[in-house]
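Below is one structure, written out as structure tokens; comments come after it.
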């Protein structure tokens, strides 16, 4: 029988979010209903509210979430009621050309639940990233559920569902950071700090955090940065070169996604080094680089989508690192809030005073 629960929606572009009653249908074939325990407030949710993703209002916001499977539909075998899961927004198909080549993290045919959640008047909701987890329950494709150890805190575990995984994966999966590498991370919000942590866990020996906010740089040191650079006060490219013997870093990660930060990343890398773009640019932004420099420097210019992660592989591994005390997921949590405090959390996000506000249900 369908459930009526509380959820946070964005009804129209730029309007404050609302807590309303939503209807969650019983799971159909290949679907699961998950009782949400915690969900992080991500910049992507704000982009949805501002119409920066598309105009398919109303949106059911929230996607960095963990919870317990309540029910599953026909054909679901990987998860069962009672399983503690982290939600992801890329349920792989297993059949497309990327999956067939053994690279399911590039799956070209990811999917979500087929049924729609609605308002009580029948208006269909568009769930953020196919999840919609600022709600007491949500409906997802079963492949969007990754079972992990129940001992993990839901508040911390849910953050792997988006920003933390994106940053960690940008360093480890996309950038291929390994023992002895030098790494620079430009932009030290949640994604950038996760990239710093990933580089540290992978064995990088020089990890340079770059930002314009000393508070964020101090936080980056907690996650493993060996050096910090405030690019308001000094030239980031020159300083990164100084700290790497005049060469530039082996891997430079742009966690901002603006032309000026990408250019910094490009010129701050060593010959044959790697640039990873994980910060999400807006559609109108363009970057201009001398083609001879792209040719002459060699190496690789990569983009990292969701940290090139495979949730079934990466989420349990990161939870194990967390439980071993090697990956401080708790440090990403700036505050725990209720559903009716999401709008205030967006304001704090603008002010740069939080890494993550987390809705706890």
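Residue numbers (the UniProt record's numbering): 1 to 361. Where is the CB? At the ideal position from N, CA and C, for every residue including glycine. Remember, predicted model here, so these are calculated numbers, not experimental data.
**Message:** Suppose contacts are defined by Cβ-Cβ distances below 8 angstroms. Is residue 154 in contact with residue 67 by that definition?
**Reply:** yes
**Item:** Chain-order list of residues whose beta-carbon lies under 6 angstroms from that of residue 182 (same chain, five-residue window excluded)
**Value:** Cβ neighbours of residue 182 beyond the five flanking positions: 206, 244, 249, 250.
**Prompt:** Hey, would you say residue 21 sits closer than 8 angstroms to residue 2, going by beta carbons?
**Reply:** Taking a C-beta distance under 8 angstroms as the contact criterion, residue 21 and residue 2 do not qualify as a contact pair.
**Prompt:** Counting pairs of Cβ atoms below 8 angstroms between the segment 283-299 and the segment 144-159, do you hit three or more?
**Reply:** Output reads no: the segment 144-159 does not touch the segment 283-299.
**Every unbroken alpha helix (DSSP H) within the segment 76-107, with a cutoff of 4 residues, ordered by chain** = 97-100
**Message:** Distance check for residue 339 and residue 5, CA to CA, integer angstroms please.
**Reply:** 12 angstroms
**Request:** Report buried or exposed for residue 272, applying the criterion of at least 16 other Cβ atoms within 10 angstroms of its Cβ.
**Result:** exposed
**Asked** Expressed to the nearest angstrom, what Euclidean distance is found between the alpha-carbon atoms of residue 232 and residue 242?
**Response** Here the alpha carbon of residue 232 sits roughly 17 angstroms from the alpha carbon of residue 242.
**Request:** May I ask which residues mark the beginning and end of the beta strand (DSSP E) holding residue 205?
**Result:** Residue 205 -> no beta strand (DSSP E), and no H or E assigned at all.
**Prompt:** Excluding sequence positions up to five away, which residues of its chain have a Cβ less than 7 angstroms from the Cβ of residue 197?
**Reply:** 168, 223, 224, 327
**Item:** Three-pair Cβ contact test at 8 angstroms for the segment 97-105 versus the segment 69-89
**Value:** no
**Prompt:** residue 282 bridges to which residues according to DSSP?
**Reply:** Paired residues: none, contrary to the question.
**Message:** Can you give me the C-alpha to C-alpha distance between residue 301 and residue 229, rounded to a whole angstrom?
**Reply:** 23 angstroms
**Message:** In the DSSP assignment, the alpha helix (DSSP H) including residue 6 goes from what residue to what residue?
**Reply:** From DSSP, residue 6 is part of no alpha helix (DSSP H) but of the beta strand (DSSP E) over 3-10.
**Message:** If you reduce the DSSP assignment to three classes, tell me which class residue 40 lands in.
**Reply:** strand
**Asked** Using the rule of at least 16 other Cβ atoms within 10 Å of the residue's Cβ for burial, across every protein chain shown, is residue 109 buried or exposed?
**Response** So residue 109 counts as exposed.
**Message:** For a quick check, are the C-beta atoms of residue 329 and residue 105 less than 8 angstroms apart?
**Reply:** No, the pair does not count as a contact, with Cβ atoms beyond the cut-off.
**Request:** For residue 250, name the three-state secondary structure that DSSP assigns.
**Result:** strand
**Asked** DSSP state of residue 112, grouped into three classes?
**Response** coil
**Request:** Closer than 7 angstroms by C-beta to residue 64: which residues in its own chain qualify, once you throw out the five before and the five after it? Chain order, please.
**Result:** 39, 40, 42, 158, 159, 161, 162, 163
**Prompt:** Taking the DSSP output, what are the residues bridged to residue 227?
**Reply:** Residue 227 is bridged to 208.
**CA-to-CA distance, residue 37 to residue 147, given in whole angstroms** = 14 angstroms
**Request:** State the beta-bridge partners of residue 64 as determined by DSSP.
**Result:** Residue 64 pairs with 40.
**Item:** Exposed unless 16 or more other CB atoms sit within 10 angstroms - verdict on residue 134
**Value:** buried
**Item:** residue 308 versus 190, 166, 227, 78, residue with shortest Cα-Cα distance
**Value:** 166
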